[in-house]
Amino acid sequence: MRILAVSSGKGGVGKTNVVANLAAALEKKGLHTVVFDADLGLANIDVLLGLSPKRDIRHVFAGECRLRDIMIKTPYGFEVIPASSGVSEFTRLDPSEKLLLKEQFEEVTQGVDFFLFDLGAGISDNVLFFNLVAQERIVITVPEPTAMADAYALIKLLYTRHGLKRIYLLVNLVKDPREGKQVYQQIVQVAERFLGPVGLTYLGAIREDPSVSRAVRRQEPFVVAFPQSPASEDLLRIRDKLLKLKPEEEGGLEALWSQNLSSLS
1 MRILAVSSGK
11 GGVGKTNVVA
21 NLAAALEKKG
31 LHTVVFDADL
41 GLANIDVLLG
51 LSPKRDIRHV
61 FAGECRLRDI
71 MIKTPYGFEV
81 IPASSGVSEF
91 TRLDPSEKLL
101 LKEQFEEVTQ
111 GVDFFLFDLG
121 AGISDNVLFF
131 NLVAQERIVI
141 TVPEPTAMAD
151 AYALIKLLYT
161 RHGLKRIYLL
171 VNLVKDPREG
181 KQVYQQIVQV
191 AERFLGPVGL
201 TYLGAIREDP
211 SVSRAVRRQE
221 PFVVAFPQSP
231 ASEDLLRIRD
241 KLLKLKPEEE
251 GGLEALWSQN
261 LSSLS
């Protein structure tokens, strides 16, 4: 199983939409995928996909059910663990809540090939914690100065405070593939100048495409609704590149939780 945390320094870069489409694209390859909506107090992915969860993460923390009980199977094959909406107390998990998640994750990862944490924007405690728990990290940005600066700030924090090097950059909403590579080169040049060899890997770029907004209005992944669109072509290339990247073995989910639970308690 591969565990990826998907983050963005800034909101509004299309992160959750990319996560949903990546999950659908992985399922197209026969790779069973689970998405954990780890923006725990501001649920997004269920709205994006038109899902109506009867229970969510707050019911798990209240002891009313377990993680496996709130999982939703989407029409696209992958499963979603939904967050709560407008619940501020979950924006920073306490040690007992982190431990509760750790104890129940084994049940929701049986037979799973990819586990994706869809994180909130910024550098909150939860964002850092789930990045630490993951084996690999995707940072999403767009070709806009503040979004690029915030993406660099997140990468800097992950590297300098926690020594994380397995980071991939994905650039969304580009005019053409060349613009995506330019954004990557700008960020990596700054990172290498001030941080040293961060090891930032370019995962790819997704072009601006009206099919994306049409799919959002239909509450479907664009790789399903418009499989021949430019954005879908780009997303599938990103999926295929991701499959070629081999993560370093870090002992599996149980070991990762155990290693990092105390460091961010």
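First residue of the sequence shown: 1, per the UniProt record's numbering; consecutive thereafter.
For every residue, glycine included, the Cβ atom is placed at its ideal position computed from N, Cα and C.
Exercise. Using 8 Å as the threshold, is the stretch 68-76 in touch with the stretch 124-136, meaning 3 or more CB pairs across them?
Worked result: Cβ pair count under 8 Å is below three, so no.
Exercise. Identify the residues that DSSP records as bridge partners of K28: which are they?
Worked result: In the DSSP output, where bridge partners are listed per residue, K28 has none listed.
Problem set entry | Entirely enclosed alpha helix (DSSP H) segments - the stretch 10-89, minimum 4 residues | DSSP runs (the alpha helix (DSSP H)) wholly in the stretch 10-89: 15-28, 45-48, 57-61, 67-70.
Problem set entry | Exposed unless 16 or more other CB atoms sit within 10 angstroms - verdict on T141 | With 16 or more Cβ atoms within 10 Å of its Cβ, T141 is classed as buried.
Exercise. Whole alpha helix (DSSP H) runs in the stretch 165-242 with 4 or more residues, listed along the chain?
Worked result: Entirely contained in the stretch 165-242, the alpha helix (DSSP H) runs reaching 4 residues are, in chain order, 177-194, 210-218, 222-225.
For this session: Kindly identify the DSSP beta-bridge partner or partners of I123.
Result: I123 is not bridged to any residue.
Exercise. Are the CB atoms of Y168 and I187 nearer to each other than 7 Å?
Worked result: At a Cβ-Cβ threshold of 7 Å, Y168 and I187 do not count as neighbours.
Exercise. Residues in its own chain within less than 8 Å of D113 by CB, not counting five upstream and five downstream?
Worked result: Closer than 8 Å at the Cβ level, and outside the excluded window around D113, lie M1, R2, L26, L31, H32, T33.
For this session: Work out the CA separation of A62 and L22 for me, nearest whole Å.
Result: Going from the Cα of L22 to the Cα of A62 covers about 31 Å.
Exercise. Tell me which same chain residues have a C-beta within less than 8 Å of the C-beta of L264, skipping the five on either side of it?
Worked result: At L264 the pLDDT is 44, less than 50, meaning the model places this residue with poor confidence; the figure from the coordinates comes in the next sentence. Contacts found: K98, D125, L128, F129, L132.
Exercise. Which residues share a DSSP beta bridge with E136?
Worked result: Per the DSSP secondary-structure output, E136 pairs in a beta bridge with L4.
Exercise. Do P82 and A38 come within 7 Å of each other at the CB atom, strictly closer than that value?
Worked result: Going by beta carbons, A38 and P82 fall outside the 7 Å limit.
Problem set entry | Neighbourhood of V183 by C-beta distance below 7 Å, restricted to the same chain and skipping five residues each side | Cβ neighbours of V183 beyond the five flanking positions: T141, P143, M148, V171.
For this session: Please list, in chain order, all residues of the same chain as G77 whose beta carbon is under 6 Å from its beta carbon, the five residues on each side excluded.
Result: The answer, listed in chain order, is E27.
Exercise. Bridge partners of T141, per DSSP?
Worked result: Note: T141 sits in a beta bridge opposite V171.
Exercise. Helix, strand or coil: how does DSSP classify D94 here?
Worked result: The three-state reading of DSSP puts D94 in coil, since its state is none of H, G, I, E or B.
Problem set entry | Reduced DSSP category for A245 - H, G, I as helix; E, B as strand; rest coil | Before going further, note that residue 245 is Leu rather than Ala in the sequence given. Taken through DSSP and simplified to helix, strand or coil, L245 comes out as coil.
Problem set entry | Closest Cα partner of R55 within the set L243, L49, K29, S85 | Per the C-alpha coordinates, the member of L243, L49, K29, S85 positioned closest to R55 is S85.
For this session: Give the straight-line distance between the Cα atoms of L40 and D118, rounded to the nearest whole angstrom.
Result: Distance between the alpha carbons of L40 and D118: 10 Å.
Problem set entry | Best match in D240, R239, D234, G9 for proximity to G120 [C-alpha to C-alpha] | For G120, the nearest C-alpha among the options comes from G9.
Problem set entry | Chain-order list of residues whose beta-carbon lies under 8 Å from that of V19 (same chain, five-residue window excluded) | The answer, listed in chain order, is V6, V35, I45, L116, D118.
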